[in-house]
Amino acid sequence: MVRGKTEMKLIENLTSRQVTFLKWRNDLLKKVFELSVLCDAKVTVIVFYLRGRLCEFSSTRFWLIIVEQQQQHYSFLLTHGSSKIS
């Protein structure tokens, strides 16, 4: 049996929306974990839902990823003499 394509629109019923979110969240976090293991990737996912509640996954400490990326970015800019810093 083939499952139909889901129409991309807000689920109006709050209970149905919460159930759908929880199912999708678990699948998303599982896939993100698998990606980090299989590809040795540094992955961070942050999702805010239902009045600011937080759902997150990080393969390493989140702030380490941010700091490393900033250092690499600025090091690249300094090495290549770019006058623009974004």
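One rule links them: number in my numbering = place in the sequence shown (from 1) + 111.
For every residue, glycine included, the Cβ atom is placed at its ideal position computed from N, Cα and C.
Compare the C-alpha of Ser170 against each of Asp151, Ile122, Leu125 and name the closest. Along the sequence shown, read from residue 1 onward, the residue named residue 170 stands at position 59. For Ser170, the closest alpha carbon among the candidates Asp151, Ile122, Leu125 is that of Asp151.
Alpha carbon to alpha carbon, what distance is there between Trp135 and Phe159? On the sequence shown, residue 159 is found 48 positions in, with the first residue counted as 1. On the sequence shown, residue 135 is found 24 positions in, with the first residue counted as 1. If you take the alpha carbons of Phe159 and Trp135, they lie about 14 Å apart.
Give every residue of the same chain whose Cβ lies closer than 6 Å to the Cβ of Phe168, excluding the five residues on either side of it in the sequence, and list them in chain order. Residue mapping note: residue 168 aligns to position 57 of the sequence shown, counting from 1. The answer, listed in chain order, is Leu140, Val143, Val156.
Please report the distance separating the alpha-carbon of Leu125 from that of Leu161. Position 14 of the sequence shown, counted from the start, is the residue given in the question as residue 125. Position 50 of the sequence shown, counted from the start, is the residue given in the question as residue 161. Taking the CA atoms as reference points, Leu125 sits about 10 Å from Leu161.
Where Lys120 and His191 are concerned, what is the direct C-alpha to C-alpha distance, given to the nearest angstrom? Here residue 120 refers to the residue found at position 9 when the sequence shown is read from its first residue. Here residue 191 refers to the residue found at position 80 when the sequence shown is read from its first residue. If I take the Cα positions, the gap works out to 45 Å.
Inspect the beta-carbon positions of Val154 and Leu165 and report whether they are closer than 8 Å. Translated into positions along the sequence shown, residue 154 becomes position 43. Translated into positions along the sequence shown, residue 165 becomes position 54. Taking the C-beta atoms as reference points, Leu165 is found no nearer than 8 Å to Val154.
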